[in-house]
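Before any comments, here is the structure.
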Amino acid sequence: MSRAERSVPAPLLIPAVVAVAFLVLPLVGLLVRTPWSGLWPQLTAPGVGEALRLSLVSATLATAVSLVLGVPLAWVLARSRIRGRGLLRALVTVPLVLPPVVGGVALFLVLGRQGIVGRWLDEAFGITIPFTTTAVVIAETFVAMPFLVISVEGALRAADARFEDAAATLGADRWTTFRRVTLPLVAPGIAAGAVLCWARALGEFGATITFAGNFPGTTQTMPLAVYLALQRDPEAAIVLSLVLLAVSLATLLLLRGRWLGRSGAGAVP
Amino acid sequence: MSLAADVRVRRGAVHVELAVDVPAGSVLAVLGPNGAGKSTLLRVLAGLLPPDGGRVEVDGEPWDDVSAGVHLPAHRRRLGMVFQDYLLFPHLTVLDNVAFGLRTRGAGRREARAGAAEWLARVELGDLAARRPGQLSGGQAQRVALARALAGDPALLLLDEPLSALDARTRLTVRAELRRHLGAFGGATVLVTHDPVDAMALADRVLVVEDGRVVQAGPPAEVARRPRTDYVARLVGLALLPGTGEGTSVRLDGGGRVAVAEQAAGPVLVAVRPESVALWPERPAGSPRNTWPVRLTGATPHGATVRCELDGEVPLLADVTAAAFAELGLAPGMQLWATVKASEVTVYAR
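Line by line, the protein sequences are chains A and B.
Under full-length UniProt numbering, the first sequence has 31 at position 31, and the numbering climbs by one with no breaks.
Under full-length UniProt numbering, the second sequence has 298 at position 298, and the numbering climbs by one with no breaks.
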């Protein structure tokens, strides 16, 4: 690459620098304000560990549910020729753009004790969902699953479908082909989608607080704890935020090979 | 294990209507330009594309019968297919690639691997069993793909441009090996190619397809000697001129006359090999009977020779050595004289 190609024109360079500052400065501020000496007591304070554990468990469960339901859905969107596929994809993507609070309200209306499905669950089985850990998992799944579906669908589209033709000529039916050929071929895409989905579930706030409430130990996840702490003990909020930031950075590291690595690949000599 | 098929498929602009008949143990080459419908035919035979009409029958068993509503899906057909770029599963070892078809057809893991190892030995790749497809050369990948296709003991073997991804030198050896394996295979083989040499070397019968239709069928030597269309002629290097025989000369449909050595009558095709055409900057003295003014419209290096496309009353192809091409100072657009000895012109009835 020559020097001339590497130089960036000022009208592009200046906004780009401002954008970087805008994105990075708040994080730097967080690190600057962190009470490093009081870190350990804050982390071990009652409730923090609980919130962190609840967050990790519910995000992992939401990711598991998303994998079990979302991968088949992605396959249907990418491979099947059923009618109304475009509409189906649009419906699936709605939670991506929907304000999470609205999602929470909608879930409450359906699964709440007076909801269409919720009333039946209550009457038939005595099951109540809102304000339980189950509700947290449901809210997170609702918000995060589309991320998984979209990235797995993209991976499926990018994968060469002719491998599936080859499997068919070797006597494999569609289910066998899916298990033994398609799934291994798109495994990296599924992994990336799962990490993305997990990160989104971990940060979920709006739908969770609306549908599951904010009960320490059962529904108070990390983001909820941060928000609450900010009102009475800002230092605790900073520490909790720091934990979430660390988790996010770890997620980014996991995805590094996939996203950061790809754009950087061209620069490698 | 014979194949009889007569299918119709509409794919966009191409309307494919082909009938093929392949006895057990024989190889049919389907030869044609890109977009002629060759691959569509293979996909129909494989069950990957349901035909719009017609039937496909193997050993008398219907695999497709549109009027009776029969369509056997690909995975239930006893076939093997070698794809143009082989499509070896990148996440499986060479051994597991070959074992794949045995596993899906009910063999246990150990049994399938034993069978696969046997096939790998047969294509002389036994020591590469543990490799991934990405670590193979083109020729090796081709042999693995063939082993994978044949391992399931298919009744029908389909080869889609099996040699086109290989470089010229590898192609030579792989072609000879492929010929040996096809000779040992008891089922019917359909080979799709746009390379006439593959067709000539591997097939018992050649079907030339253009625009979804058969334009010529016959044994390879016959097709090479007596091409029926311009495309086939160009493939095998002949200029093909339709005309009417009048004793020892032929009046061409496009104008002009060609002197021939044999007696000819009625509608005929005149075939002129490019190497028998000589080019002159001036009208040669004591001219042979076949002398035409021509214009050089194109030149393509073709090994040690340059194939020249000539336009004029009689359109021709001429092969001249690269040295002669330079010596004559040939360039597209030049006016030249072309001569051909009457004894070097082939003529046959249309």
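Where is the CB? At the ideal position from N, CA and C, for every residue including glycine.
Since the model is a prediction, treat every value here as computed from it, not as a measurement.
Chain B within 9 Å of residue i, Cβ atoms only
i: V181 of chain A; result: yes
i: L156 of chain A; result: no
i: F178 of chain A; result: no
i: G264 of chain A; result: Low local confidence applies: a pLDDT of 36 at G264 of chain A is under 50, so the model's placement there is unreliable, with the coordinate-based value given in what follows. It does not: the Cβ of G264 of chain A has no partner Cβ on chain B nearer than 9 Å.
i: A192 of chain A; result: no
i: D160 of chain A; result: yes
i: T134 of chain A; result: no
i: A78 of chain A; result: no
i: G189 of chain A; result: no
i: residue 270 of chain A; result: As displayed, chain A neither begins before 1 nor continues past 269, which places residue 270 of chain A out of reach and without an answer.
i: P35 of chain A; result: no
Neighbour-count burial assignment, residue i, 16 or more Cβ in a 10 Å radius
i: I209 of chain A; result: buried
i: P73 of chain B; result: exposed
i: I82 of chain A; result: exposed
i: F108 of chain A; result: buried
i: N290 of chain B; result: buried
i: F125 of chain A; result: exposed
i: G254 of chain B; result: exposed
i: E161 of chain B; result: buried
i: T173 of chain B; result: exposed
i: G80 of chain B; result: buried
i: S37 of chain A; result: exposed
i: D127 of chain B; result: exposed
i: L167 of chain B; result: Rather than Leu, the amino acid found at residue 167 of chain B in this sequence is Asp. Answer is exposed; the Cβ neighbour count stays below 16.
i: T63 of chain A; result: buried
i: A90 of chain A; result: exposed
i: L13 of chain A; result: exposed
i: P281 of chain B; result: exposed
i: R262 of chain A; result: Its pLDDT being 44, under 50, R262 of chain A is placed unreliably in this model, and the coordinates cannot settle the point.
i: A225 of chain A; result: buried
i: E222 of chain B; result: exposed
i: G203 of chain A; result: buried
Own chain partners of residue i with C-beta closer than 8 Å, once the 5 adjacent residues on each side are dropped
i: P9 of chain A; result: none
i: I238 of chain A; result: L30, R33, T34, P35
i: R105 of chain B; result: G152
i: P269 of chain A; result: Only weak support exists for where P269 of chain A lies, its pLDDT of 30 falling under 50; the coordinates are left without a value.
i: A304 of chain B; result: T321, A322
i: G138 of chain B; result: A165, L166, D167, T170
Neighbourhood of residue i by C-beta, 7 Å cutoff - its chain only, sequence neighbours within 5 removed
i: A78 of chain A; result: E153, L156, R157
i: A199 of chain B; result: A29, L31, T193, V206, P220
i: A265 of chain A; result: Residue confidence is low: A265 of chain A scores 35 on pLDDT, short of 50, so the model does not pin down where it sits. No coordinate-derived value is stated.
i: A141 of chain B; result: Y86, L88, P133
i: A135 of chain A; result: I129, F211, A212, T219
Cutoff 9 Å: residue i Cβ touching any chain A Cβ
i: G92 of chain B; result: In the sequence on display, residue 92 of chain B carries Leu and not Gly. For L92 of chain B, the answer is yes, since a Cβ of chain A falls inside 9 Å of its Cβ.
i: H75 of chain B; result: yes
i: A149 of chain B; result: yes
i: L158 of chain B; result: yes
i: A46 of chain B; result: yes
i: M81 of chain B; result: yes
i: R307 of chain B; result: no
i: A349 of chain B; result: no
i: L87 of chain B; result: yes
i: F100 of chain B; result: yes
i: T291 of chain B; result: no
Rounded distance between the beta-carbons of residue j and residue i, thought under 8 Å
i: A5 of chain B; j: A19 of chain B; result: 7 Å
i: residue 351 of chain B; j: P33 of chain B; result: The structure shown does not extend to residue 351 of chain B, since chain B is modelled only from 1 to 350, so the question has no answer here.
i: P95 of chain A; j: F22 of chain A; result: The pair is not a contact, with the Cβ atoms about 27 Å apart (cut-off 8 Å).
i: T177 of chain A; j: A167 of chain A; result: 4 Å
i: L148 of chain A; j: C197 of chain A; result: 4 Å
i: L156 of chain B; j: V58 of chain B; result: 6 Å
i: residue 270 of chain A; j: G329 of chain B; result: Only positions 1 to 269 of chain A appear in the structure, and residue 270 of chain A is not among them; the question remains open.
i: G112 of chain A; j: A207 of chain A; result: About 13 Å separates the two Cβ atoms, so there is no contact after all.
i: P23 of chain B; j: A188 of chain B; result: 7 Å
i: G245 of chain B; j: A264 of chain B; result: 3 Å
Residue i Cβ short of 8 Å to the ligand NAP heavy atom set
i: S39 of chain B; result: Ligands are entirely absent from the displayed structure, and the ligand NAP is therefore not among its contents.
Sequence-distant residues of the same chain with beta carbon closer than 6 Å to residue i, five excluded per side
i: I190 of chain A; result: V152
i: V294 of chain B; result: L310, G312, L336, A338
i: V247 of chain A; result: none
i: V110 of chain A; result: I116, V117
i: A236 of chain A; result: Q42, A229
i: G12 of chain B; result: none
i: V314 of chain B; result: G256, W292
Requested in this report: Inspect the CB distances between the region 114 to 125 of chain B and the region 90 to 97 of chain B and report whether three or more fall short of 8 Å.
Outcome: yes
Query raised in the report: Contact between the region 120 to 138 of chain B and the region 53 to 72 of chain B: three or more CB pairs below 8 Å?
Result: No, because fewer than three Cβ pairs between the region 120 to 138 of chain B and the region 53 to 72 of chain B fall closer than 8 Å, the two stretches do not touch.
Report task. State whether the region 158 to 168 of chain A contacts the region 212 to 222 of chain A, with contact taken as three or more CB pairs (one from each stretch) at a distance under 8 Å. Result -> no
Report task. Please confirm if the region 341 to 348 of chain B is in contact with the region 246 to 266 of chain B, defined as three or more CB-CB distances below 8 Å between the two stretches. Result -> yes
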